[in-house]
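What follows is a single structure, written as structure tokens, with notes after it.
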Amino acid sequence: MDINLRITGAAGQGMQTAADLVGKALARAGLHVFIHQDIESRIRGGVNFSQLRCADHPVSAPRDRVDVLISLSEPSLRAYGPAVAEGGLVFSTVPVETAGCPRCAPFFLSELAKAAGNEKTVSTVAAAVAASVLGLPDPLLDTLVEERFGASEKLADVNRRALALARGAMNDAGLAGRFALPTAPATDRLFVSGANAVALGALAGGCTFMAAYPMSPATGIMTTLSELTHEAGCWVEQAEDEIAAINMVAGASYAGARSMTATSGGGFALMTEGVSLLGMIECPAVIVIAQRPGPATGLPTRTAQGDLRLALHAGHGRFARVILAPRTIAEAFDLTARAFDLAERWQIPVFVLTDQLLQDGQTLIDRPEVGPVVRHVLTAAEAAALPAYERYAYTDDGVSPMALPGTSRHLVCVDSDEHDPRGHLIEDAPTSRAMCEKRLRKVATVEAAAPAPECTPHDPALPLVVSWGSTSPVVAEALTALGTGGPRFNHLQLTQLWPLPDLRAVPAFRDCARLILVEHCAGDGLDGLLAQTQLRAPDRCILKLDGRPFTVEELTARLAEEDSHG
Amino acid sequence: MADPTLQDYKNDVPNAWCPGCGNFGILQVLQKALVTLGLPPERVLLCSGIGQAPKIVHYLNANAFDGLHGRELSSAQAAKLVADDLTVIVHSGDGGAYGEGGNHFLHAMRRNVDVTHVVHDNHIYGLTKGQASPTTDQGQKVAVHPDGVAALPMNPLALAISQSCPFVAQSLSSQGDHLLDILCQAIRHPGFSYVNVLQPCVSWDPIHTYAYYQKHCYRLDASHDPTDQGAALRVALAHDGRIPLGVLYHNDRPALRAITEPGCADLRDCPDRPARLARVFDRFR
Chain R
41 MDINLRITGA AGQGMQTAAD LVGKALARAG LHVFIHQDIE SRIRGGVNFS QLRCADHPVS
101 APRDRVDVLI SLSEPSLRAY GPAVAEGGLV FSTVPVETAG CPRCAPFFLS ELAKAAGNEK
161 TVSTVAAAVA ASVLGLPDPL LDTLVEERFG ASEKLADVNR RALALARGAM NDAGLAGRFA
221 LPTAPATDRL FVSGANAVAL GALAGGCTFM AAYPMSPATG IMTTLSELTH EAGCWVEQAE
281 DEIAAINMVA GASYAGARSM TATSGGGFAL MTEGVSLLGM IECPAVIVIA QRPGPATGLP
341 TRTAQGDLRL ALHAGHGRFA RVILAPRTIA EAFDLTARAF DLAERWQIPV FVLTDQLLQD
401 GQTLIDRPEV GPVVRHVLTA AEAAALPAYE RYAYTDDGVS PMALPGTSRH LVCVDSDEHD
461 PRGHLIEDAP TSRAMCEKRL RKVATVEAAA PAPECTPHDP ALPLVVSWGS TSPVVAEALT
521 ALGTGGPRFN HLQLTQLWPL PDLRAVPAFR DCARLILVEH CAGDGLDGLL AQTQLRAPDR
581 CILKLDGRPF TVEELTARLA EEDSHG
Chain A
2 MADPTLQDYK NDVPNAWCPG CGNFGILQVL QKALVTLGLP PERVLLCSGI GQAPKIVHYL
62 NANAFDGLHG RELSSAQAAK LVADDLTVIV HSGDGGAYGE GGNHFLHAMR RNVDVTHVVH
122 DNHIYGLTKG QASPTTDQGQ KVAVHPDGVA ALPMNPLALA ISQSCPFVAQ SLSSQGDHLL
182 DILCQAIRHP GFSYVNVLQP CVSWDPIHTY AYYQKHCYRL DASHDPTDQG AALRVALAHD
242 GRIPLGVLYH NDRPALRAIT EPGCADLRDC PDRPARLARV FDRFR
């Protein structure tokens, strides 16, 4: 059972605050939620929404059908009022007749806020209405409002009044519990955004240094980390530009900190020479690209999966890299933590591709189990025990032991020029070839470790749908929605996009008569990569050009259509 | 441990500079400065980018990070933030420092990480064969500017002083005693320190020769107060054909690492992550 609740209004009206309160209340009621943000690139005005899919089971895909609309402005009511589902509910701040709203509740949120003593409490009113319609126990929201506003008695007081007035209005109208969800025992789940999850995953992966330049939708990662530095132990440097950021990451990694940066496509474009530097000096780094539509500035606050090739081909010269793409917010935690391990193990750049849907989305994740950070650098004692040390010693797997400067008597030299094993610049052909071969051995090492993809249900007779990143859960739910009666597909979900495993070893891929790719971009992404690396181009690509996330309904319809083509 | 000697700082990497290059003088003095300061090579990190000057980091025995053109300050600042026990010295040419890396120079002065930035300023692009640099004189005929450079040269000393750069000095590659004193002061300064080292380019610039600098340079004496920002700015902006050598300006702004608590003393080894994260997770309930 799930209820889709959209809180909409102008930027700055507090939709996010209301969504946070309801999200946490759902967590404490033992329920699940997936929130996604539809926002314009502005700080005030316009029409934005936070959409909460509230359910008694885990959800991580957006849905079109809106059961409850909570509108805080007239333009937002005009935009989204008519789309509310049959039997749905609309709560608004303006009279029904003005906006022509057939399913509006008989009271106005703004008036309740005014009666509470402060119009700004409209976000608390919205949260109270949402909690009431979902049948959540009152004490949950009471506690959350105390936690949020308790520091100021005056503020706490008006917000308490706002809660009481909203609940009274809901009871009088007979709407309390209209879409009640069955509550369950509270759990120890965490309420996090994708940006939070990446930041927490980074900390779990041992990150102690981040340098970045703010850019939507990546900024939340540095914001989160900056608020946790003292508790977790991490340096967050706001760089003057993305070029500085990536070169800072290189310097910090060289000095011995597990380091990261985060940006979006345009900012990452500025980092490409730095990526090449990481490749040449064999420097660990984690680079998060939070994708949004391009080219250029594109749609700054919207979502896309268009930067796969940018991440793959950034930087001149050949060197090893890994590209990971989490499907869910929970997986963003896991894969970011893993990225730090891989980056240091192989001394390479590891990319984590997220997108606006995932970054700004919020959900509940199980409290992660975090173990001690296992380093892959020489300890001071290990370095000291070596009779001599060469940073780029030739090895079979192409990975040379990494010592940290200043931790032993050995010098650590790195050079963006071609270099000898000691790290000093050279020109001669034999050393150039040997050092290039060393890097190519590392490419092979990283390729050989590519994990097998997840594929369901392994019936090679069916057409195969391939997806990656945050699109995968939407595809999975659409395939479930098509049901046993409808068309059936196998589903292959990739979480590592480079190096790709040999998909021809996967029967559902090797034997499928029809290959369909679902990718949130304008094309020339994974399709060409499959053709190049697996010698199999998709027969159809289901793409998305408008910066809005795929929804379950949309993909259900488009996949049903694919079947009729088949 | 025995005090470091000049021998400790020598290595066998073949040198690729032009005979007579001003960089040789800077290399010699840098080695002397590190010995004078009693720093063992493994405690020193030299950072550089691309060009003739940045090759210096290969020609002496120390830790070296030879990164990208103009980006050496970025990597150096981060390395120092992480490994606070290293002495970090950055070597750039005038192209890397003031052209490609100009933005990083501005922000390094603001940020005030305790690194020393030595700019080998020969007013020319050497390794790309004699084009104008940001400090080439207006009207000077160089590659790509056959009719003379139209743009005004940058005044990096005045820029640095105006931005309250914590330590601003100028020296000359051929005046070893002066350069040694300035480098030692700069490295000792607990914050971002910047030294513009003038040097002739023997291959591409027939005007700014050793003799030219000998004739036009003068040493600031005790009458100059380097804590007086206005006086320093007047020296840097004098436009009287004379070139000042010495410490033009310094202040005692605390370095970034001294005023920021990163949550663990050593960012290379931040202990108790699982326990720390358990507390952090509680914030998201």
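First to last, the sequence lines map onto chains R and A. At position 1 of the first sequence the residue is numbered 41 (our numbering), and the sequence of numbers has no breaks. At position 196 of the second sequence the residue is numbered 197 (our numbering), and the sequence of numbers has no breaks. For every residue, glycine included, the Cβ atom is placed at its ideal position computed from N, Cα and C.
Using a C-beta to C-beta distance shorter than 9 angstroms, which residues of chain R count as neighbours of residue i?
i: Asn104 of chain A; result: Glu280, Asp281, Ile283 and Ala284
Please tell me whether residue i has its Cβ less than 8 angstroms away from any Cβ of chain R.
i: Phe66 of chain A; result: yes
i: Asp86 of chain A; result: yes
i: Cys185 of chain A; result: no
i: Arg294 of chain A; result: No answer is possible for residue 294 of chain A: the residues shown for chain A start at 2 and end at 286.
i: Leu69 of chain A; result: yes
i: His108 of chain A; result: yes
i: Arg189 of chain A; result: no
i: Cys271 of chain A; result: yes
i: His118 of chain A; result: no
i: His225 of chain A; result: no
i: His59 of chain A; result: yes
Please list the partners that residue i has in chain A, where partner means a Cβ-to-Cβ separation under 7 angstroms.
i: His270 of chain R; result: Glu262 and Gly264
Starting from residue i, trace the alpha helix (DSSP H) both ways and give me its first and last residue.
i: Val315 of chain R; result: Thr312 to Ile321
i: His179 of chain A; result: Gly177 to Arg189
i: Trp386 of chain R; result: Ile369 to Trp386
i: Asn197 of chain A; result: Note, Asn197 of chain A: premise wrong, no alpha helix (DSSP H); beta strand (DSSP E) at Ser194 to Leu199.
i: Thr511 of chain R; result: Thr511 to Leu522
i: Arg258 of chain A; result: Leu257 to Ile260
i: Val281 of chain A; result: Arg274 to Asp283
i: Phe549 of chain R; result: Pro547 to Arg550
i: Pro470 of chain R; result: Ala469 to Ala488
i: Glu43 of chain A; result: Glu43 of chain A -> no alpha helix (DSSP H), and no H or E assigned at all.
i: Gln396 of chain R; result: Gln396 to Asp400
Counting contacts by CB-CB distance shorter than 8 angstroms, is residue i in contact with chain A?
i: Val452 of chain R; result: yes
i: Asn236 of chain R; result: yes
i: Glu422 of chain R; result: no
i: Leu400 of chain R; result: Sequence inspection shows Asp at residue 400 of chain R; the Leu mentioned does not correspond to that position. Closer than 8 angstroms: no.
i: Val232 of chain R; result: yes
i: Ala244 of chain R; result: yes
i: Thr223 of chain R; result: no
i: Arg479 of chain R; result: no
i: Arg407 of chain R; result: yes
i: Met288 of chain R; result: yes
i: Gly463 of chain R; result: yes
When the distance is taken between beta carbons, is residue j closer than 8 angstroms to residue i?
i: Gly438 of chain R; j: Thr471 of chain R; result: no
i: Leu158 of chain A; j: Ala259 of chain A; result: no
i: Ile456 of chain R; j: Leu69 of chain A; result: Reading off the sequence, residue 456 of chain R comes out as Ser, not Ile. Contact flag set, yes.
i: Ala92 of chain A; j: Ser194 of chain A; result: Residue 92 of chain A is actually His in this sequence, not Ala. For His92 of chain A and Ser194 of chain A, no; Cβs fall outside 8 angstroms.
i: Pro42 of chain A; j: Pro15 of chain A; result: no
i: Leu393 of chain R; j: Ile329 of chain R; result: yes
i: Gly260 of chain R; j: Gln77 of chain R; result: no
i: Phe308 of chain R; j: Leu350 of chain R; result: yes
i: Leu7 of chain A; j: Val36 of chain A; result: yes
i: Ile43 of chain R; j: Val232 of chain R; result: no
i: Leu152 of chain R; j: Ala213 of chain R; result: no
Taking the continuous beta strand (DSSP E) assigned at residue i, which residues delimit it?
i: Arg220 of chain A; result: Cys218 to Arg220
i: Ile556 of chain R; result: Leu555 to Val558
i: Arg298 of chain R; result: Arg298 to Thr303
My guess is that residue i and residue j are in contact by the Cβ rule of under 8 angstroms, so how many angstroms apart are they, rounded?
i: Leu61 of chain R; j: Val73 of chain R; result: In fact, because the Cβ distance is near 12 angstroms, the residues do not count as touching under 8 angstroms.
i: Pro589 of chain R; j: Gln533 of chain R; result: That pair is no contact at about 17 angstroms.
i: Lys142 of chain A; j: Val116 of chain A; result: Incorrect: roughly 36 angstroms between the Cβ atoms, too far for contact.
i: Val198 of chain R; j: Ala156 of chain R; result: 5 angstroms
i: Val169 of chain R; j: Phe131 of chain R; result: 5 angstroms
i: His121 of chain A; j: Thr137 of chain A; result: In fact, because the Cβ distance is near 15 angstroms, the residues do not count as touching under 8 angstroms.
i: Ile75 of chain R; j: Ala59 of chain R; result: 5 angstroms
Given that residue i touches chain A, what residues does it touch there, using C-beta distances under 8 angstroms?
i: Tyr294 of chain R; result: Phe66, Ser76 and Ala80
Which chain R residues sit within Cβ distance under 7 angstroms of residue i?
i: Ala63 of chain A; result: Leu451
i: Val91 of chain A; result: The contacting residues do not exist; Val91 of chain A stays about 10 angstroms from chain R at best.
Who are the neighbours of residue i on chain D, taking C-beta pairs under 7 angstroms?
i: Ser100 of chain R; result: Reference to chain D is not applicable here, since the protein chains of this structure are R and A.
Identify the contact partners of residue i in chain A, using a Cβ-Cβ distance below 9 angstroms as the criterion.
i: Cys274 of chain R; result: Pro263, Gly264, Cys265, Leu268 and Cys271
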